[in-house]
Amino acid sequence: MKPSHPKTGIVYYSRTGHSRRIALKLSNLLKGSLVELKAPAYTAGFLSYLRAGFDSVRQHCVLGPQSFTSLTEYDRIILCGPVWTSYPAVPLRALLRSDVDLPYTVAMFLTSGAHSPPHKAFTAGEADLTHRFAATACVSNADEGSDEEAHIIKRFLRDLEDARASSYGT
Numbered sequence: 001m002k003p004s005h006p007k008t009g010i011v012y013y014s015r016t017g018h019s020r021r022i023a024l025k026l027s028n029l030l031k032g033s034l035v036e037l038k039a040p041a042y043t044a045g046f047l048s049y050l051r052a053g054f055d056s057v058r059q060h061c062v063l064g065p066q067s068f069t070s071l072t073e074y075d076r077i078i079l080c081g082p083v084w085t086s087y088p089a090v091p092l093r094a095l096l097r098s099d100v101d102l103p104y105t106v107a108m109f110l111t112s113g114a115h116s117p118p119h120k121a122f123t124a125g126e127a128d129l130t131h132r133f134a135a136t137a138c139v140s141n142a143d144e145g146s147d148e149e150a151h152i153i154k155r156f157l158r159d160l161e162d163a164r165a166s167s168y169g170t
């Protein structure tokens with residue numbers, strides 16, 4: 001029997017606010033809980049921007065201290081964050097590579113300055129997770145608040161629901 005409303009955690013990292021905005025939208029639409037990833041090394045300023053790019057290119061993904069040690073209280077989580085140098089932002093990858101317990105159902109929603117196509121980022125994220133995401137989407141920062149963004153979110157939610165339905169054999 002399929003549960004009526006899975007408990008959803010929207011785990012996000014946002015350096016500039018674009019990913020936080022999407023995470024808030026997803027949280028409202030899914031009645032999910034927001035969980036912010038902390039990454040003080042990348043918070044503000046030009047040097048932290050350079051460090052973010054450098055760590056991403058080197059694939060140096062270390063998760064700093066967080067307010068949680070497990071995310072299995074959720075039936076599913078949606079990772080939300082930016083694309084950095086064609087990869088999910090380092091804090092997202094660090095979470096996927098960490099010893100933090102995750103539910104089996106994980107989806108990824110990325111934001112992008114449109115410099116990098118998202119398919120490489122999704123492939124890298126799935127390799128870190130060691131299985132496929134339940135759903136994926138990427139919205140360009142230039143499409144913020146547009147009909148295109150609304151269409152992408154709607155398609156992502158449909159794909160997420162389809163994955164849930166197929167996991168219950170319906």
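Sequential numbering of the sequence shown, starting at 1, is according to the working numbering.
Backbone N, C-alpha and C fix where the C-beta goes; we use that ideal spot for every residue, glycine too.
- With three or more CB-CB distances shorter than 8 Å, the stretch 101–113 counts as touching the stretch 16–31.
- Taking a contact to require three or more Cβ pairs closer than 8 Å, the stretch 63–75 and the stretch 27–44 qualify as touching.
- Distances from the CA of Arg-93 to each of Tyr-12, Val-139 and Lys-7 were compared; the closest alpha carbon is that of Tyr-12.
- Exposure of Thr-72 is indicated by the presence of fewer than 16 other C-beta atoms within 10 angstroms of its C-beta.
- Secondary structure of Arg-15 (DSSP, three-state): coil.
- Per DSSP, Thr-43 lies in no alpha helix (DSSP H) and is assigned neither H nor E.
- For Ile-153, same chain residues with a beta-carbon under 6 Å away, outside a window of 5 residues either side, do not exist.
- Uninterrupted beta strand (DSSP E) stretches at least 3 residues long and entirely within the stretch 112–161 occur at 136–140, given in chain order.
- Looking at the DSSP output, Thr-8 bridges to Arg-76.
- For Val-35, the uninterrupted beta strand (DSSP E) segment begins and ends at 33–36.
- Within the DSSP bridge table, the entry for Pro-88 names Val-83 as partners.
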